[in-house]
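Chains as they are written, first to last, in the working numbering: chain G, 406 to 541; chain U, 47 to 166.
Below, the structure written as structure tokens:
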């Protein structure tokens, strides 16, 4: 069960405030700088995708973020009110022909930095997990 | 002569514009848009544009910021100019590597090496 739930408007400033709150909690749980960097980057990309591509900045639509921050792992579910998308239709940004396209790297970065990433069937809810590596 | 804004400091070193990003976080869309507009202005006013971007203060990155840099890179290239990125911290460099953009951008370890590589 996810412990915290926040509903924000399709607004980047609200997203930033939520990111800062989450990051403070993550840092308070003893995650390394590298892990905190990864979590912040992934959450930022997920929220921007939800606001920009999912809700298309529609002020009447919201983004629902459920999260659970534990000492050994963090989990997020980020849902927008857009129609969703099919992951298979997103071009690979690292393919030679796409390298100089200015967009399309958000999902790739999320997948690179988080340990588990999945979408619901509609493609408008992203779930992701980052596990903490025990420090020697 | 130096030119400053909340987001960056711009200095001229010979014919090279040295842009030092002031923000630790150049993540949000508004900051990125402001930085992008300023940098595109530099491309328009310099013929050919010679630009070094110093990332020493940058500790976070986003795909939107990468997109802004790609657009800038294209404009500099179309104007037959040169663009170098320098002082990129390891965590940010990793983002460039994951996205293969380290193969697109010319990245140097220091400001001096970046400026020298354009002027030489």
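Here a beta-carbon is modelled for each residue, glycine too, at the ideal position from N, C-alpha and C. Since the structure is predicted, the reported quantities are computational estimates derived from the model, not experimental observations.
Grab the span of the alpha helix (DSSP H) containing residue 158 of chain U for me, first residue to last.
Sequence index remark: in the second chain, residue 158 of chain U carries index 112 (1-based). Start and end: 157–165.
So which residues on chain G does residue 122 of chain U lean against when the C-beta distance must stay under 8 Å?
For this step, residue 122 of chain U is matched to residue 76 along the second chain. Those do not exist, as residue 122 of chain U stays about 13 Å from chain G at its closest Cβ, beyond 8 Å.
For residue 463 of chain G, collect the residues of the same chain with a Cβ closer than 7 Å to its Cβ; drop the 5 residues on either side in sequence, then sort them by chain order.
Here residue 463 of chain G refers to the residue found at position 58 of the first chain. Hits under 7 Å: 415.
Excluding the 5 residues preceding and the 5 following residue 157 of chain U in the sequence, name in chain order all residues of the same chain whose CB lies nearer than 7 Å to its CB.
Along the second chain, one-based indexing puts residue 157 of chain U at 111. Excluding positions up to five away in sequence, the list reads 64, 98, 100, 132, 133.
Nearest CA to the CA of residue 119 of chain U: which residue from G:504, G:498, G:467, G:490?
In the second chain, residue 119 of chain U corresponds to position 73, counting from 1. For residue 119 of chain U, the nearest C-alpha among the options comes from G:504.
Straight-line CA distance for residue 526 of chain G to residue 518 of chain G?
The residue you call residue 526 of chain G lines up with position 121 of the first chain. The residue you call residue 518 of chain G lines up with position 113 of the first chain. Each residue's Cα considered, the two are about 22 Å apart.
Can you confirm whether the region 444–458 of chain G touches the region 418–427 of chain G when touching is taken to mean that 3 or more C-beta pairs between the two stretches lie within less than 8 Å?
Taking 8 Å as the limit for Cβ pairs, the verdict is that the region 444–458 of chain G does touch the region 418–427 of chain G.
Give the interface partners of residue 110 of chain U over in chain G, defined as CB-CB distance under 7 Å, in chain order.
Position 64 of the second chain, counting from 1, holds the residue named residue 110 of chain U. Result: 453.
Please list the terminal residues of the continuous alpha helix (DSSP H) segment that includes residue 415 of chain G.
Taking the first residue of the first chain as position 1, residue 415 of chain G is located at position 10. Premise fails: residue 415 of chain G is in no alpha helix (DSSP H) and is neither H nor E.
Please confirm whether residue 442 of chain G has its beta-carbon closer than 7 Å to some beta-carbon of chain U.
Position 37 of the first chain, counted from the first residue, corresponds to residue 442 of chain G. Yes, its Cβ sits closer than 7 Å to a Cβ of chain U.
What are the residues of the region 458–491 of chain G that lie near chain U, defined by any Cβ-Cβ distance shorter than 7 Å?
Under the 7 Å Cβ criterion, the region 458–491 of chain G contributes no residue.
Less than 6 Å separating the Cβ of residue 485 of chain G from some heavy atom of the ligand GTP?
Looking at this structure, you won't find the ligand GTP or any other ligand, since it has none at all.
Taking the straight line between their C-alpha atoms, what separation do you get for residue 112 of chain U and residue 507 of chain G?
In the second chain, the residue the question calls residue 112 of chain U occupies position 66. In the first chain, the residue the question calls residue 507 of chain G occupies position 102. The straight-line gap from Cα to Cα measures roughly 7 Å.
Mind checking residue 127 of chain U: buried by the 16 CB within 10 Å criterion, or exposed?
Looking up residue 127 of chain U in the second chain gives position 81. Burial call: buried.
What residue from G:410, G:534, G:535 has the CA that sits closest to residue 471 of chain G's CA?
Within the first chain, the letter at position 66 stands for residue 471 of chain G. Nearest option by C-alpha distance: G:410.
Helix, strand or coil for residue 408 of chain G? Go by DSSP, reduced to three states.
As a working mapping, residue 408 of chain G is identified with position 3 in the first chain. Reduced to three states, the DSSP call for residue 408 of chain G is coil.
With 7 Å as the C-beta to C-beta threshold (strictly closer), list the residues of the region 499–511 of chain G near chain U in chain order.
Residues passing the 7 Å Cβ filter: 499, 504, 505, 507, 508, 510, 511.
Helix, strand or coil: how does DSSP classify residue 520 of chain G here?
To locate residue 520 of chain G, count along the first chain from 1; it is residue 115. Residue state, collapsed to three classes: coil.
Hey, would you say residue 103 of chain U sits closer than 7 Å to residue 67 of chain U, going by beta carbons?
Counting from one through the second chain, the residue named residue 103 of chain U turns up at place 57. Counting from one through the second chain, the residue named residue 67 of chain U turns up at place 21. Cβ atoms of residue 103 of chain U and residue 67 of chain U: closer than 7 Å.
When the Cα of residue 476 of chain G is compared with those of G:436, G:441, G:510, G:483, which residue comes out closest?
Along the first chain, read from residue 1 onward, the residue named residue 476 of chain G stands at position 71. Here the closest residue by C-alpha is G:436.
Taking the Cβ atom as the reference point for each residue, do residue 480 of chain G and residue 534 of chain G lie within a distance shorter than 7 Å?
As a first step, residue 480 of chain G must be located in the first chain, where it is residue number 75. As a first step, residue 534 of chain G must be located in the first chain, where it is residue number 129. Yes, Cβ-Cβ distance for residue 480 of chain G and residue 534 of chain G is below 7 Å.
With DSSP run on the structure shown, which of helix, strand or coil describes residue 539 of chain G?
One-based indexing of the first chain puts residue 539 of chain G at position 134. Coil at residue 539 of chain G, not helix or strand.
If you reduce the DSSP assignment to three classes, tell me which class residue 146 of chain U lands in.
For the purposes of this step, residue 146 of chain U is taken as the residue at position 100 of the second chain. If DSSP states are grouped into helix, strand and coil, residue 146 of chain U belongs with coil.
So, helix, strand or coil for residue 474 of chain G, using DSSP?
By 1-based counting over the first chain, the position of residue 474 of chain G is 69. Looking at residue 474 of chain G - three-state DSSP - the assignment turns out to be strand.
Pull out every residue of the region 131–143 of chain U whose Cβ sits closer than 8 Å to any Cβ of chain G, in chain order.
Flagged, chain order: 137, 141.
Taking only the alpha-carbon atoms, compute the straight-line gap between residue 430 of chain G and residue 92 of chain U and give it to the nearest angstrom.
Translated into positions along the first chain, residue 430 of chain G becomes position 25. Translated into positions along the second chain, residue 92 of chain U becomes position 46. C-alpha separation (whole angstroms): 46 Å.
Residues of chain U with CB closer than 8 Å to the CB of residue 517 of chain G, please, in chain order.
As a first step, residue 517 of chain G is located in the first chain; it is residue number 112 there, counting from the start. Ordered by position in chain U, the residues that pass the 8 Å Cβ test against residue 517 of chain G are 144.
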